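These notes concern the structure reproduced below.
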Amino acid sequence: MKASIHLPDILSTLDWAVFIGVLILTFLSVLYGHQKKAKQQTESESVLDLLLMGRQLTLPLFVATLVATWYGGIFGVTRIAFEKGLYNFVTQGLFWYISYLLFALFLVKRIAPYKAVTLPDLIGKMFGPNSARLSAVFNFFNVLPIAYTISLGLFTQMLFGGNLFLNMLLGLILVMLYSSWGGLRAVVYSDLIQFFVMCSSVLFVFVFSLMQFGGIDYLTMNLPAAHFELTGGEGWLATFVWGFIALATLVDPNFYQRCFAADQERTARRGIYLSTIVWLCFDICTTAGAMYARAAIPEAESAQAYLIYALQLLPNGLRGFFLAGILATILSTLDSYLFLAGTTLSYDLVPKKWRGNIRVHHLGILLVGILSLFFAYVFEANIKTVWKVLGSYFAACLLLPVLTGHLKPGFLRDRDFVTGSLTGVVAVSLWPFLKPENGLWALDTLYIGALSTLLGLLTSRFILFRTRLA
Numbered sequence: 298m299k300a301s302i303h304l305p306d307i308l309s310t311l312d313w314a315v316f317i318g319v320l321i322l323t324f325l326s327v328l329y330g331h332q333k334k335a336k337q338q339t340e341s342e343s344v345l346d347l348l349l350m351g352r353q354l355t356l357p358l359f360v361a362t363l364v365a366t367w368y369g370g371i372f373g374v375t376r377i378a379f380e381k382g383l384y385n386f387v388t389q390g391l392f393w394y395i396s397y398l399l400f401a402l403f404l405v406k407r408i409a410p411y412k413a414v415t416l417p418d419l420i421g422k423m424f425g426p427n428s429a430r431l432s433a434v435f436n437f438f439n440v441l442p443i444a445y446t447i448s449l450g451l452f453t454q455m456l457f458g459g460n461l462f463l464n465m466l467l468g469l470i471l472v473m474l475y476s477s478w479g480g481l482r483a484v485v486y487s488d489l490i491q492f493f494v495m496c497s498s499v500l501f502v503f504v505f506s507l508m509q510f511g512g513i514d515y516l517t518m519n520l521p522a523a524h525f526e527l528t529g530g531e532g533w534l535a536t537f538v539w540g541f542i543a544l545a546t547l548v549d550p551n552f553y554q555r556c557f558a559a560d561q562e563r564t565a566r567r568g569i570y571l572s573t574i575v576w577l578c579f580d581i582c583t584t585a586g587a588m589y590a591r592a593a594i595p596e597a598e599s600a601q602a603y604l605i606y607a608l609q610l611l612p613n614g615l616r617g618f619f620l621a622g623i624l625a626t627i628l629s630t631l632d633s634y635l636f637l638a639g640t641t642l643s644y645d646l647v648p649k650k651w652r653g654n655i656r657v658h659h660l661g662i663l664l665v666g667i668l669s670l671f672f673a674y675v676f677e678a679n680i681k682t683v684w685k686v687l688g689s690y691f692a693a694c695l696l697l698p699v700l701t702g703h704l705k706p707g708f709l710r711d712r713d714f715v716t717g718s719l720t721g722v723v724a725v726s727l728w729p730f731l732k733p734e735n736g737l738w739a740l741d742t743l744y745i746g747a748l749s750t751l752l753g754l755l756t757s758r759f760i761l762f763r764t765r766l767a
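For the sequence shown, this note's numbering gives the first residue as 298, with consecutive numbering after it.
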């Protein structure tokens, strides 16, 4: 196999027909979702329909949209698997499954009675207005679709050539248009199509790899031994950083949004269980596929190796379907994050009189697109760095306060939440410049951030306790 290819040269007329056909089907699903919107609604019902589908999300749609939303950074995942093998399955798979199951087992039943619209809205009801505003800021930056803007730009650049920034810009404009149009309903129906396409495409790569090269024996003979180490040579302390980042699922706004939109509490719980099974299968396919790519074309550039490998492996027609699957994987996450970030601006961070206003929501999505493009340029298109930086802030500064609120309602007050979270922000921001190179205190930024948040919470509680005694 070749280490690099020119995509237009390898694609046949049938490939292009299949690729374009899937795109058309996706946009028809957006149109269908828009048509499903109720005609006669009160103002409050209109807001719920725009942001939460009127809380009518059924089990099949719940699974499809949750699964599809989670995998937009496929180039980042396959790059890690290409470079480090099973380490990818541990850090981008196993840790996350634990978090998903914890969410389903312990949190779904706790959040249902609040009847919240967004995660900051829920936090406001749990702690107070200042906590709601601060968490909205965290929420906004966490769901800025920077990594997925990069992924879309890389994909269209490989397909059509040209400048990466221009590819990100044009792709983002297209997604902003349809994300603004039909509300969450349009996003969900497009996710339904993208769910089937993305899952089928990675399965095809896995099956054809087994057919052409064989199983584990081929991989063990052609891959470095470190590719079969669970830590990938990184060490357990560094590996567990991803475990803490995965726990950010417990405060992930996409999970909360889908649960708030579900028609029943049990729909959300069962939906997460079923989604976890799908994610497990998907991760097996992508990790194995990227490892086959490393074995077959070890000299390939790691960010593009999986794509290059798959297009040379698959037969005529399936190449176009695979490309549509890769695009579907990116779009399904990008549109959800755009919509959710726009919701944070238009519902959680604006004055109450503008909450749920459709025009304000559209302006919010536009601003989100501009900021995503800017930060994608700043991060120099490094998806792993984006995940690590934003994940560290979110996991370190929000996880402990929110979980405390779930497990012991009323224990933390509004001021405690704000003090603890802001202490974590300061630590996460400063620690990269202060930490020593070696020794016990050469800890990852996320660990220091989480410890600082805990210290801030305890300090605030102690001050309150002393004040009451006085």
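Where is the CB? At the ideal position from N, CA and C, for every residue including glycine.
All values derive from a computational prediction rather than experimental measurement.
| Check | Outcome |
| --- | --- |
| Taking DSSP as the reference, what is the three-state secondary structure of A597? | coil |
| Considering just the uninterrupted stretch of the alpha helix (DSSP H) at A433, what are its terminal residues? | P426 to N439 |
| With respect to the alpha helix (DSSP H) encompassing W539, which residues constitute its N-terminal and C-terminal limits? | W533 to L544 |
| Helix or strand or just coil, what does DSSP make of I354? | Correcting the residue identity first, residue 354 is Leu in this sequence and not Ile. Looking at L354 - three-state DSSP - the assignment turns out to be strand. |
| Starting from F403 and walking both ways along the alpha helix (DSSP H), at which residues does that stretch end? | Unbroken run through F403: none, as it is neither H nor E. |
| Contact defined as beta carbons within less than 8 angstroms: I believe M495 pairs with S629. What is the distance between those atoms, to the nearest angstrom? | 7 angstroms |
| With a Cβ-Cβ cutoff of 7 angstroms, do T583 and V374 count as a contact? | yes |
| When burial is assigned at 16 or more other CB atoms within 10 Å of the CB, is M473 buried or exposed? | buried |
| Could you give the distance in angstroms between the alpha-carbon of G382 and the alpha-carbon of W533? | 16 angstroms |
| Give the DSSP bridge partners of A559, in chain order. | L354 |
| Excluding the 5 residues flanking A433 on each side, which residues of the same chain have their C-beta closer than 6 angstroms to its C-beta? | P417, T641, D645 and L646 |
| Which same chain residues, not among the five before or five after S643, have their C-beta less than 8 angstroms away from its C-beta? | W651, R652, G653, N654, V657, H658, L660 and G661 |
| Return helix, strand or coil for M298, following the three-state DSSP convention. | coil |
| Only counting the same chain, and skipping five residues up and downstream in sequence, which positions put a Cβ closer than 6 angstroms to that of P442? | L631, Y634, L635 and S669 |
| Nearest CA to the CA of R407: which residue from Y553, I371, A314 and F462? | Y553 |
| Report yes if the CB atom of Y570 is closer than 7 angstroms to the CB atom of A590, and no otherwise. | no |
| Using DSSP with H/G/I as helix, E/B as strand and the rest coil, what is N613? | coil |
| Within this structure, are the beta carbons of N427 and D713 separated by less than 7 angstroms? | no |
| Is V647 helix, strand or coil by DSSP? | coil |
| On the criterion of 16 or more Cβ atoms from any shown chain inside 10 Å, does A747 qualify as buried, or is it exposed? | buried |
| Taking C694 and F435 to be in contact with their CB atoms under 8 angstroms, please state how far apart those CB atoms are, rounded to whole angstroms. | 6 angstroms |
| Run through DSSP, which three-state label would S309 get? | coil |
| Is the number of C-beta pairs between the segment 553 to 562 and the segment 351 to 360 that are closer than 8 angstroms three or more? | yes |
| F525 lies in the alpha helix (DSSP H); which residues open and close that run? | That residue, F525, is in no alpha helix (DSSP H); it is neither H nor E in DSSP. |
| I need the straight-line Cα distance from T366 to G753, nearest angstrom please. | 33 angstroms |
| How long is the line joining the alpha carbons of M518 and S506, rounded to whole angstroms? | 15 angstroms |
| Taking 6 angstroms as the cut-off, is the beta-carbon of M588 closer than that to any non-hydrogen atom of the ligand GDP? | This structure lacks the ligand GDP; in fact it carries no ligand of any kind. |
| Under 7 angstroms between the Cβ atoms of G617 and D312? | yes |
| Does DSSP put Y475 in a helix, in a strand, or in coil? | helix |
| Could you tell me the alpha carbon to alpha carbon distance between V538 and V387, rounded to whole angstroms? | 11 angstroms |
| Ordered along the chain, which non-local residues of its own chain (more than five positions away) have a Cβ less than 6 angstroms from that of Y486? | S326, Y329 and G330 |
| CB-CB under 6 angstroms to F619, same chain, minus the five flanking residues each way: which ones, in chain order? | S498, A607 and L611 |
| Would you call the CB atoms of F672 and N439 closer than 7 angstroms? | no |
| In this structure, how does DSSP classify W367 when only helix, strand and coil are distinguished? | coil |
| Which of the three DSSP states, helix, strand or coil, is assigned to D549? | coil |
| Using the C-alpha atoms, what's the distance from V344 back to K333? | 15 angstroms |
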